[in-house]
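Written below as structure tokens is the structure these notes are about.
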Amino acid sequence: MSRAAEETNRRMLRARDAMDRSYAQPLDVPALARIALVSQAHFTRTFRATFGETPHRYLQRRRIERAMALLRDTDRSVTDICFQVGFGSPGTFSRTFRDIVGRSPRRYRKEATATDVPTCFTMAWTRPRTDRPLSSFGQVSARRPQ
Numbered sequence: 289m290s291r292a293a294e295e296t297n298r299r300m301l302r303a304r305d306a307m308d309r310s311y312a313q314p315l316d317v318p319a320l321a322r323i324a325l326v327s328q329a330h331f332t333r334t335f336r337a338t339f340g341e342t343p344h345r346y347l348q349r350r351r352i353e354r355a356m357a358l359l360r361d362t363d364r365s366v367t368d369i370c371f372q373v374g375f376g377s378p379g380t381f382s383r384t385f386r387d388i389v390g391r392s393p394r395r396y397r398k399e400a401t402a403t404d405v406p407t408c409f410t411m412a413w414t415r416p417r418t419d420r421p422l423s424s425f426g427q428v429s430a431r432r433p434q
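My numbering puts the last residue of the sequence shown at 434; the count rises by one with no breaks.
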């Protein structure tokens, strides 16, 4: 891997780490591009090439993953969870949750029953799927020539 590619990956990881840490805060592309020390257009393009999804979609998925854990593990209302994970409206939260998970938050809570399995298995099993295959680090898997 070239030094330039390594530096680009490091910058994208820095922005993704900031998204992971502050997922419940309002984050926008200009702020994330500043963290990565690149222009907004370059950030969006490079983030998608590196991780296989746009920064906005990654942040939505991260918020939904956290919401899934809260729905499974707490008795808090769906509306409270919606605002806790960073969504501005319950309608947007429910629509995004359904798009990513495939069912409504209420239905997910009803069907998600905790059993005596390690948390890492539960998290891996219930993690929302993306359209493209990802490696264990979340990066797009390399495609092999056919």
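Using N, Cα and C, we set each Cβ at its ideal position, and we do this for glycine too.
Just reading off the alpha helix (DSSP H) that residue i is part of, what are its end residues?
| i | result |
| --- | --- |
| E294 | 291-309 |
| P393 | 393-399 |
| E353 | 343-361 |
| S382 | 378-389 |
| P249 | Nothing about residue 249 can be reported from this structure: the residues present for the chain run from 289 to 434 only. |
| R364 | Element bounds for R364: n/a, residue is neither H nor E. |
Could you compute how far the alpha carbon of residue i sits from the alpha carbon of residue j?
| i | j | result |
| --- | --- | --- |
| D305 | S290 | 22 Å |
| R354 | R397 | 13 Å |
| P433 | V373 | Here the model assigns P433 a pLDDT of 48, short of 50, so the residue's position is not dependable, and the following value carries that caveat. In a straight line, the C-alpha of P433 is about 40 Å away from that of V373. |
| R395 | T384 | 14 Å |
| H330 | V405 | 42 Å |
| S423 | T362 | Reliability fails at S423, whose pLDDT of 46 lies under 50, so the model's placement of it is uncertain and the value that follows must be treated cautiously. Each residue's alpha carbon lies about 30 Å from the other. |
| A321 | T332 | 8 Å |
| P393 | R350 | 15 Å |
Between residue i and residue j, which are expected to be in contact by the criterion C-beta below 8 Å, what is the C-beta distance as a whole number of angstroms?
| i | j | result |
| --- | --- | --- |
| A303 | A324 | 4 Å |
| P360 | A400 | Note that residue 360 corresponds to Arg in the displayed sequence, not to Pro. With a Cβ gap of about 5 Å, R360 and A400 count as contacting. |
| I352 | V317 | The Cβ separation is near 19 Å, so there is no contact. |
| T296 | T334 | 6 Å |
| Y346 | M300 | Rounded, the Cβ-Cβ distance is 11 Å, inconsistent with contact. |
Review point. Are the segment 304-318 and the segment 359-376 touching, with three or more C-beta to C-beta distances below 8 Å?
Key: Here the segment 304-318 makes contact with the segment 359-376; the two share three or more CB pairs at distances below 8 Å.
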